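To start, the structure itself, in structure tokens.
Number of protein chains: 2
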Amino acid sequence: MSNIDKALNANRTYAKKHDRKLGAHPTPKIAVVTCMDPRLSDLPGILGLPHTDLDVIRTGGPAVTEDVLGELVVSTRVLGTTEIMLLNHTGCGFTTFTDEELNAKLIALTGDASPAPMRFFSYKEPEQNTREQMKKVRSHPWIAKEVPVRGFIFDVESGLITEVQPISQDAAA
Amino acid sequence: MSNIDKALNANRTYAKKHDRKLGAHPTPKIAVVTCMDPRLSDLPGILGLPHTDLDVIRTGGPAVTEDVLGELVVSTRVLGTTEIMLLNHTGCGFTTFTDEELNAKLIALTGDASPAPMRFFSYKEPEQNTREQMKKVRSHPWIAKEVPVRGFIFDVESGLITEVQPISQDAAA
């Protein structure tokens, strides 16, 4: 049986204990941007917060792209979140290749060079990545200045989250 | 205390029982694309699968953008997932506005018309949205034909997931 079919079976059991009140308009408190990596998939556990508090955007890395900025605008301006957490992690697969290398590998693997080169938003170092993300989100005119934008790194070995100081504080140090 | 600070405190407790084996290279089985909505944040519960099996991409809607296609290529070609699940849901906030309306509202709200109009990927109807997503993912040359691409809708009231048939089967009906 495929994993998707296993999930469909398990979902029938889940639905018996599903809280129907979830059908109401959600009231998330934090927007979290984190990586698609499975080691972040127990996010409510890692953060110790109710899953209903968490608007969660997950991309490779994570990358804070134009799409993500739009999602953060919706999260804070339409859905009502009041804090933004950018959660990077150690051991990220997106640090193990460059976009150029992966595009070349995919052409070699599939024999198909027809797609335009893809942007995978690979990066080299999570602290620097986090600082650039904070700056990008903080500077968007449609994200209210009252909304804190804080960056963190999740250590996949220890399970601990540590805060990354923004660029301005580095420069002052 | 802010919710982010609550999470940092709770994370110290989480780390004491964190499975250090998670530090090893992950071996996810399914790539799931779903909405950032908090009602999907208990995804391992909803799908009844171990969180370590799930590579999870979350966007508004969800929208299957160029970014998401790149992430699915990485998930299947680099990280080794063998199935793709596109999980839409009922009651989605992204059906309650058009991109044009929200851009106008943000200009009115902030008094700042300097950002270029943003793409929020609002949509009208989850079944149609799911069908278009399946077609888009299925037709990308770098996503292997052997990888099943299946679309579903999560009912936020009942907690049940139902499958959406792809466009080709509709046309044959």
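Protein chains in written order, with the working numbering: chain L, 1 to 173; chain F, 174 to 346.
Yeah, the Cβ is synthetic: ideal placement off N, Cα and C, and Gly gets one too.
Bear in mind that the values here come from a model prediction, so they are computed numbers and not experimental data.
- Taking a C-beta cut-off of 7 Å against chain L, the contacting residues of the region 293–309 of chain F are F293, listed in chain order.
- Membership of L:I57 in the beta strand (DSSP E) is indicated by the continuous run L54 to T59.
- Considered as a whole, the region 197–278 of chain F harbours 216–220 and 239–247 as its complete alpha helix (DSSP H) runs of no fewer than 4 residues, in chain order.
- L:R58 is not a Cβ neighbour of L:M85, given a cutoff of 8 Å.
- Taking 8 Å as the CB threshold, L:T110 lines the interface with chain F.
- Under the three-state reduction of DSSP, F:E336 is assigned to strand.
- In this model, L:V149 and L:H89 are separated by some 17 Å (Cα to Cα).
- Under a 10 Å Cβ-count criterion, F:T186 is classified as exposed, with fewer than 16 other Cβ atoms of the shown protein chains found around its own Cβ.
- In the structure shown, F:V310 adopts helical secondary structure according to DSSP, grouped into three states.
- Residue-level contact by beta carbon fails for F:A277 and chain L, as no gap is shorter than 8 Å.
- Look at L:I153 here: in three-state DSSP terms it is strand.
- With 16 or more other Cβ atoms inside 10 Å of its own Cβ, F:H191 counts as buried.
- In this structure, F:T335 is the residue among F:T335, F:P339 and F:P235 with its C-alpha nearest to the C-alpha of L:D5.
- F:P299 carries a helical assignment under DSSP once its states are collapsed to helix, strand and coil.
- Collapsing the DSSP output to three states places F:A188 in a helix.
- Going by beta carbons, L:G60 and L:F94 fall inside the 8 Å limit.
- Distances from the CA of F:A204 to each of F:N176, F:L282 and F:L245 were compared; the closest alpha carbon is that of F:L245.
- Here the region 38–52 of chain L makes no contact with the region 115–135 of chain L; the two share fewer than three CB pairs at distances below 8 Å.
- The beta carbon of F:P217 sits closer than 6 Å to the beta carbons of H224 from its chain, once the five residues preceding and following it are set aside; these are given in chain order.
- Under the 10 Å beta carbon count, F:G284 is surrounded by fewer than 16 other beta carbons and is classified as exposed.
- Here L:I107 carries a helix assignment [DSSP, helix/strand/coil].
- Collapsing the DSSP output to three states places F:A286 in coil.
- Residues of chain F whose Cβ lies closer than 7 Å to the Cβ of L:G159 are, in chain order, Y187, A188 and H191.
- Just measuring C-alpha positions, the residue of L:G80, L:L106 and L:S41 sitting nearest L:H25 is L:G80.
- For F:D328, the CB contacts under 8 Å within the same chain, skipping 5 residues up- and downstream, are H262, T263, I334 and T335 in chain order.
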